[in-house]
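**Student:**
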Amino acid sequence: MMIKVYGMSLSGNCYKLKLLLNLISQEHQWIEVDILNGETQTPDYLKKNPNGKVPLLEIDGTYLPESNAGLYYLSQNTPYFPTGKLEQAQVLQWMFFEQYSHEPAIAVARFINLFLPSDHPRRDSLPELLKKGYQALAVLEQQLNKTTWLVGDKPSIADIALYAYTHVATDGDFELTRFPKINQWMTGIQQLPNYIPMV
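Under the UniProt record's numbering, the first residue of the sequence shown carries the number 1, and numbering increases by one thereafter.
#1: Mapping DSSP to helix, strand and coil, what is V5?
#2: Whole angstroms is fine: what's the gap from Q41's alpha carbon to E32's?
#3: Which residue wins for smallest C-alpha separation from M2, given the options Y63, K16 and V54?
#4: Need the endpoints of the beta strand (DSSP E) that Y63 sits in, please.
#5: In whole angstroms, what separates the C-alpha of D153 from that of S118?
#6: From this set, Y134, Q135, W149 and F174, which residue's C-alpha is nearest P82's C-alpha?
#7: Could you check what DSSP says for L56 in three-state terms: helix, strand or coil?
#8: Determine the closest residue to N194 out of L21, A69 and Y45, with distance taken between C-alpha atoms.
#9: On a CA-only basis, which of E175, P155 and K181 is nearest Q191? Give me that one, please.
#10: From M198 to I182, what distance separates their C-alpha atoms?
#11: Cα separation between A136 and Q93?
#12: Pick out whichever of V108, A105, V151 and I24 has its Cα sitting closest to the Cα of L86.
#13: Rounded to the nearest angstrom, what separates W185 and L36 at their Cα positions?
#14: Give every residue of the same chain whose Cβ lies closer than 8 Å to the Cβ of I112, excluding the five residues on either side of it in the sequence, and list them in chain order.
#15: Across which residues does DSSP place Q143 in a beta bridge pair?
#16: I'd like to check one pair, P55 with V108: are the Cβ atoms closer than 8 Å?
#17: Contact check, A169 vs G133 under 8 Å by CB: the rounded distance?
#18: Give every residue of the same chain whose Cβ lies closer than 6 Å to the Cβ of I24, excluding the five residues on either side of it in the sequence, and list them in chain order.
#19: When DSSP builds the beta bridges, which residues end up paired with Q29?
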């Protein structure tokens, strides 16, 4: 099986796939795509992914967009996807939470802070993004007060999905020091065999 990942190294969504591929020791080819210079909007790229976004997983010539779909595919028959039906559903629950409640606030605040000029009008949205992001982090902290990992007794793609932007949330001006269980959980992920940092 030949796996290629089209991604941008500074993107948390792309990092999800890179991290999982390394954790499971799966050989792959990483193809860096500069989204800031429009490389996802070229005719050639849009043939691969009409939505014009990264990451994009290519498996033997078949394209699979969306980071969490990629996590689901890559984690099958690995320790990072549970075997029980309820736990599988709980993994999906956290991945939907990540995409609907967590990533839209934390990732967007990070993007604005890192990549947009100080006078950009989108900076006006930062207070609301911080409010929503802290709400999502509080939900995460509440769960990690009860369990070491988000689902079951070992790490899963739910943890990887939420780790990707949580561990760089300070780039969006989120103060992670107020979340001791999140910090403990992040340390646990960083100690996994074959862990690699974002960049």
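Where is the CB? At the ideal position from N, CA and C, for every residue including glycine.
As the structure is a computational prediction, the values presented were derived from the model and not from experiment.
**Tutor:** Let's see:
#1: strand
#2: 14 Å
#3: Y63
#4: T62 to P65
#5: 44 Å
#6: W149
#7: strand
#8: L21
#9: P155
#10: 18 Å
#11: 14 Å
#12: V151
#13: 32 Å
#14: H120, R122, R123, S125, L126, L129 and G172
#15: Q143 pairs with nothing; no bridge assigned.
#16: no
#17: 7 Å
#18: T78
#19: K4
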